[in-house]
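Those protein sequences? They're chains G and X, same order as listed. According to my numbering, the first sequence is numbered sequentially starting from 11. According to my numbering, the second sequence is numbered sequentially starting from -14.
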Amino acid sequence: MAMMAYDERRILEMLHEDDFSRRRAFEAIVKNFSEQLYWQIRHMVLSHDDANDILQNTFIKAWTNLDSFMGYSRISTWLYRIAVNETLTFLNKQKTSIPLETDNDGELSLADQLESDPWFDGDQTERQLQEAIATLPERQRMVFNMKYFNEMKYEEISEILGTSVGALKASFHIAVKKIEEYFDKID
Amino acid sequence: MEKERLYKIDEREARRPFTVPEGYFENLTQNIMASLPEQESIYSTNIVVTPWMRIRPYLYAAAAFAGIFFCIKAAVGINSRNNALEIAQEETTIYSDEYIDSFLETAMIDDYTLYYTLVDAN
C-alpha cells in the first residue's frame, strides 16, 4: 500500500474515521516525524539503542492516547512534548551519572565511551564538545541541542517546552558560555 | 577540527557526530507500526447483552406512555372544570337579575319557598 503524502488537515480527519483510516493516518505521522524525533532524543541520551527504545515508546504513547489529542496544537508539537517527557523520564531513571573523567575505579569517561561507541564518528574535539554539553542541566541541554544541532526556531521550542522565547534565548546563550568555559578549563 | 574554533560556538557550523545502523531509517516506520498495540476498535460490536439491557427499552417505553397518559388525564380534568365554569356562566347569563326579580314579583312566592325551589333545582 502506497504511503499517503502528509497533509495535516486530512490526517486529523482520518484519525477520527474508521480503524483503517486511523492507522493509515498514524503511519503517515510516523513517517513524517520519526527521524527528527530520533535525533532530538539521540542528542540527549547519546546511545543509539536507548534513543531507539525511547522513540518507540514515544509513538506507542501517542498511539494509545490518540483520543486525547484534540488538535489544539500541531501534531509535531504534541509528539515532541511526548518525546521530551519520555527522554527526561529515561534520564531520571538512569541512576548512575556518566563520569566526565576517569575516576579511581577506572570507569570510562564519557569521551572514552563515545570513542568506543560504533555509532559515534566524531573526532576528539567533538567528543569533548559532547562532554561539555553533558555538564549542562537537562532542560538547558535540551534547549541547546534543539537550537544548535536540530536548528529549531525559538518559537517552536517555546511551544514544545512551554518556556518563553526570551527565557530560551537566555538559556541558550548561558549554555554557549558554559561550553566555551569548559574548553578553557581543559585546554 | 581546530579546538580554537569551538570556543566560538555561535560561529561554528554544527555537525552531528552520531551515526545509525545501515537501513535504520528506511525500516523505522515499518518497525514502529509493527510495535503498536492493538487498539480497541471504535466500531467494536463485541458487546455483552444482559437481561437488563433487553428489557430496558420496553420499560422506558412503558414509562413514557404512562407519563403521556397522566399528562392527558390531568389536562382533561382541567378542561372539564373549565367547561363547568363556562356552563355555569352561560346559565347565569341566560337568567339575568332583572328576569329573576320580575319572576319573583309575579310568582308570588316567599323567600323560604324560593330558597327550597332553588336547592331542589340544583
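Just so you know, even glycine gets a beta-carbon here, dropped at the ideal spot from N, CA and C.
- When only Cα atoms are considered, G:Asn102 and G:Val175 end up about 26 Å apart.
- With fewer than three CB-CB distances shorter than 8 Å, the region 117 to 127 of chain G does not count as touching the region 156 to 164 of chain G.
- Between G:Leu146 and G:Lys179, the gap from beta carbon to beta carbon reaches 8 Å or more.
- Taking 8 Å as the CB threshold, X:Phe10 lines the interface with chain G.
- Within chain G, Tyr158 and Phe159 have C-beta atoms less than 7 Å from the C-beta of X:Ala(-1), given in sequence order.
- In this structure, G:Phe154 lies near G:Phe182, with their beta-carbon atoms less than 8 Å apart.
- Residue-level contact by beta carbon holds for G:Asp131 and chain X, with a gap shorter than 8 Å.
- With contacts defined by Cβ atoms closer than 8 Å, G:Ser44 and X:Thr14 form a contacting pair.
- Per DSSP, reduced to three states, the secondary structure at G:Phe130 is strand.
- With respect to chain X, the C-beta atom of G:Ser44 has a partner C-beta closer than 8 Å.
- Sixteen is the threshold: since fewer than 16 other Cβ atoms of the shown chains lie within 10 Å of the Cβ of X:Met38, the residue is exposed.
- For X:Gly8, the closest alpha carbon among the candidates X:Arg1, X:Asn16 and X:Ile57 is that of X:Asn16.
- When beta bridges are read from the DSSP output, X:Phe3 appears opposite G:Phe130.
- Per the coordinates, the alpha-carbon of G:Lys71 lies some 38 Å from the alpha-carbon of X:Arg41.
- By the rule that beta-carbons nearer than 8 Å mark a contact, G:Glu37 touches chain X.
- Shortest Cα-Cα distance from G:Leu76 to any of G:Leu25, G:Asn42 and G:Thr135 involves G:Leu25.
- Residues of the same chain with their beta carbon placed closer than 6 Å to that of G:Met80 are lacking, with the five preceding and five following residues left out of the count.
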